[in-house]
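Visitor: The structure that follows is given in the form of structure tokens.
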Amino acid sequence: MRLFVVLCLVLTAAACVAVPPPAPPGGPGPVDRRAGSAEAAVRTFVAVVRRVEPEAERVCRARTAGTNCDFHVVVDDRPGLPPNAFQTLDRSGRPVIGFTSALILTAQNADEMAFILGHEAAHHIAGHIPRAQRSAAVGAVLAGTLAGLQGADATVIREAESLGAFVGVRRFSRQFELEADALGTVIAAGAGFDPVRGAAFFARIPDPGDRFLGSHPPNAERIALVRRVAAGL
35 MRLFVVLCLV LTAAACVAVP PPAPPGGPGP VDRRAGSAEA AVRTFVAVVR RVEPEAERVC
95 RARTAGTNCD FHVVVDDRPG LPPNAFQTLD RSGRPVIGFT SALILTAQNA DEMAFILGHE
155 AAHHIAGHIP RAQRSAAVGA VLAGTLAGLQ GADATVIREA ESLGAFVGVR RFSRQFELEA
215 DALGTVIAAG AGFDPVRGAA FFARIPDPGD RFLGSHPPNA ERIALVRRVA AGL
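Numbering (my numbering), first residue to last: 35 to 267.
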């Protein structure tokens, strides 16, 4: 396992933080940061990554076969970006988890950071990117075929394929989010954090509501799921 994550976070002053190897078992408990400077937020994030990343990799190896479990955590420090986290793959197929610097500053404690990091790792472990790609491809083919059978021209068929791909992805997006919440709860708890406290982050962000083809489930549903999963651990 390579655990040398370089976090280049531009806050009040430019800084590059190299994350050291994970602390041995029996180390200090979760770091808390209710308020404080940007430097305190960075230190908290580094401590969280040191503990959650190896747990996420352990869970990944236990639950998958032939999957790249060498997570790479990065920070997107471009100014003006809103609080956000994402999971993607680099060109070699290595899983990448990104946090914007705004999210690091917005999180109120280490438990929130740990839950979000576990959630993003869970997207990769559950194979959500390839599953979404397959769903989009099926939706595009079906919509394009139906448009062609109705005599549509090439332009309309392409538009139908785009719409079909969109619907195909959105059809499962809320399910994917709930799956990531559940597995993210397991990962955060396994790393020694409180996922229920971490999921309190949902109470401070806009509620997407229960919309048709919405990308995210209602916040209350997500919090309730985390509590149920955590209670069973």
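The beta-carbon is built from N, C-alpha and C at its ideal position, and this holds for glycine as well. Remember, predicted model here, so these are calculated numbers, not experimental data.
1) Counting pairs of Cβ atoms below 8 Å between the stretch 89-107 and the stretch 115-132, do you hit three or more?
2) Please state if the CB of alanine 75 and the CB of leucine 139 are separated by a distance shorter than 8 Å.
3) Using only CA atoms, which one of Ala81, Pro116, Ala188 lies nearest to asparagine 143?
4) Distance, Cα to Cα, arginine 192 vs arginine 84?
5) Does DSSP classify threonine 122 as helix, strand or coil?
6) Roughly how many angstroms separate the alpha carbons of arginine 261 and leucine 137, rounded to a whole number?
7) At the level of alpha carbons, what is the spacing between histidine 153 and proline 88?
8) Helix, strand or coil: which one does DSSP assign to phenylalanine 133?
9) When burial is assigned at 16 or more other CB atoms within 10 Å of the CB, is alanine 156 buried or exposed?
10) To the nearest angstrom, how far is it from the Cα of valine 65 to the Cα of isoleucine 150?
11) Would you grab the beta carbon distance between arginine 256 and leucine 217 for me? Rounded to a whole angstrom, and I think it's under 8 Å.
Guide: In brief:
1) In the pairwise beta carbon analysis, the stretch 89-107 is classified as touching the stretch 115-132: at least three pairs are separated by under 8 Å.
2) The residue you call residue 139 lines up with position 105 of the sequence shown. The residue you call residue 75 lines up with position 41 of the sequence shown. Alanine 75 sits close to leucine 139, with the two beta carbons spaced by under 8 Å.
3) Walking along the sequence shown from the start, residue 143 turns up at place 109. Comparing alpha carbon positions, the residue from Ala81, Pro116, Ala188 closest to asparagine 143 is Ala81.
4) Counting from 1 along the sequence shown, the entry for residue 192 is found at position 158. Counting from 1 along the sequence shown, the entry for residue 84 is found at position 50. Near 46 Å, if we compare the C-alpha coordinates of arginine 84 and arginine 192.
5) Taking the sequence shown and counting its residues from 1, one reaches residue 122 at position 88. Here DSSP, grouped into helix, strand and coil, assigns threonine 122 to strand.
6) Residue numbering aside, residue 261 sits at position 227 when the sequence shown is read from its first letter. Residue numbering aside, residue 137 sits at position 103 when the sequence shown is read from its first letter. Roughly 23 Å separates the two Cα atoms.
7) Taking the sequence shown and counting its residues from 1, the one referred to as residue 153 is at position 119. Taking the sequence shown and counting its residues from 1, the one referred to as residue 88 is at position 54. Approximately 14 Å between the Cα atoms of the pair.
8) Here residue 133 corresponds to residue number 99 of the sequence shown, with the count starting at 1. The answer is strand: DSSP assigns phenylalanine 133 an E or B state.
9) Locating residue 156 in the sequence shown gives position 122, counting from the first residue. With 16 or more Cβ atoms within 10 Å of its Cβ, alanine 156 is classed as buried.
10) Working through the sequence shown from its first residue, we reach residue 65 at position 31. Working through the sequence shown from its first residue, we reach residue 150 at position 116. Caution is warranted here: a pLDDT of 45 is assigned to valine 65, below 50, making its placement in the model unreliable, and no coordinate value can be reported.
11) As a first step, residue 256 must be located in the sequence shown, where it is residue number 222. As a first step, residue 217 must be located in the sequence shown, where it is residue number 183. At roughly 13 Å, the Cβ-Cβ gap does not stay under 8 Å, so arginine 256 and leucine 217 are not in contact.
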